[in-house]
Structures are given as structure tokens and as C-alpha cells.
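>
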Amino acid sequence: MTYVVTDNCIACKYTDCVEVCPVDCFYEGENALVIHPDECIDCGVCEPECPADAIRPDTEPDMEKWVEFNRKYAEMWPVIITKKDPLPEAEERDGETGKLDKYFTEAPGEGG
Numbered sequence: 007m008t009y010v011v012t013d014n015c016i017a018c019k020y021t022d023c024v025e026v027c028p029v030d031c032f033y034e035g036e037n038a039l040v041i042h043p044d045e046c047i048d049c050g051v052c053e054p055e056c057p058a059d060a061i062r063p064d065t066e067p068d069m070e071k072w073v074e075f076n077r078k079y080a081e082m083w084p085v086i087i088t089k090k091d092p093l094p095e096a097e098e099r100d101g102e103t104g105k106l107d108k109y110f111t112e113a114p115g116e117g118g
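The sequence shown begins at 7 in the working numbering and counts up by one.
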């Protein structure tokens with residue numbers, strides 16, 4: 007099992023999760039985070055830290071696409087281990103549907 011970041015992170019990018027991760031397996035894009043599924047140790051400490059409820063176990067239904075999504079971008083983006091402010095529109099975008107198609111960008115974040 008592994009944990010993955012789903013589309014509710016997009017356009018919010020809360021980073022509360024990165025500070026509690028014991029193996030630094032979060033990677034930062036311009037407007038989202040991902041977890042490297044091969045680095046995640048399945049400890050689960052990140053899941054309750056996410057204000058947007060965007061972190062899910064891969065054992066839930068229809069998570070295969072998110073495992074591959076997380077793997078792809080974790081290999082392209084820089085690691086992030088320090089909490090940062092969420093995106094300015096985070097509160098209004100939290101819970102919005104269809105964010106992958108509306109807002110996602112492949113651009114890397116700054117990391118850190």
C-alpha cells in the first residue's frame with residue numbers, strides 16, 4: 007500500500023503534510039503536491055494533516071490513475087520538506103470538482 011495525492015490538492019497546495027513525512031517523499035509542482043509511491047512507507051501520518059482531504063490510500067477504489075500520476079510527477083518535480091503558505095485561492099478551490107482539467111499545470115514548484 008501507498009498513499010497518493012488526488013486532485014483536491016490542485017489549486018490549493020496545502021503543505022501541512024510535508025512536515026510530518028518521515029521519509030521526505032513529497033514533491034512540489036507549481037500548484038499541487040505529489041507523493042512518490044515507491045518512497046512512501048505507508049505510515050499514514052500525512053493523511054490526517056491535509057486540510058483538503060487530498061491524500062488517500064491506494065487501496066480505495068479507482069486510485070490506480072492517481073498512483074501513476076503521483077509517480078510521474080514525483081520523478082519530474084523537486085522534493086519539498088518545509089511547510090509553505092497554501093495558494094491564495096486555496097480556500098475557495100477546496101472541495102471543487104474537476105480541478106485536474108481546470109487548473110493542473112506540469113510546471114515544477116520551487117521545492118525546499
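Where is the CB? At the ideal position from N, CA and C, for every residue including glycine.
Can you find the residues in the same chain that come closer than 8 Å, C-beta to C-beta, to residue 59, ignoring five residues on each side of it along the sequence?
Residues 14 of the same chain have their beta carbon placed closer than 8 Å to that of residue 59, with the five preceding and five following residues left out of the count.
> Is DSSP giving residue 92 helix, strand or coil here?
coil
> In the DSSP assignment, the beta strand (DSSP E) including residue 34 goes from what residue to what residue?
DSSP places residue 34 inside the beta strand (DSSP E), whose first and last residues are 32-34.
> Does the region 15-28 come into contact with the region 65-78, if we say contact requires no fewer than three beta-carbon pairs (one atom in each stretch) closer than 8 Å?
Cβ pair count under 8 Å is below three, so no.
> May I have the straight-line CA-CA distance separating residue 12 from residue 49, to the nearest angstrom?
18 Å
> What is the DSSP secondary structure of residue 9, reduced to helix, strand or coil?
strand
> How would you write the range of the alpha helix (DSSP H) that residue 24 sits in, first residue to last?
From DSSP, the alpha helix (DSSP H) with residue 24 extends over 22-26.
> Which same chain residues end up closer than 6 Å to residue 110 when comparing Cβ atoms and leaving out the 5 residues on each side of it in sequence?
Only 16 meet the Cβ criterion.
> Does the distance from the C-beta atom of residue 80 to that of residue 33 stay below 7 Å?
Closer than 7 Å, so yes.
> Would you identify the three-state DSSP class for residue 51, choosing helix, strand or coil?
Coil.
> Per the DSSP calculation, residue 61 is bridged to which residue(s)?
Under DSSP, residue 61 forms a beta bridge with 11.
> Check the C-beta distance from residue 37 over to residue 93 and give it rounded, since I have them as a contact under 8 Å.
6 Å
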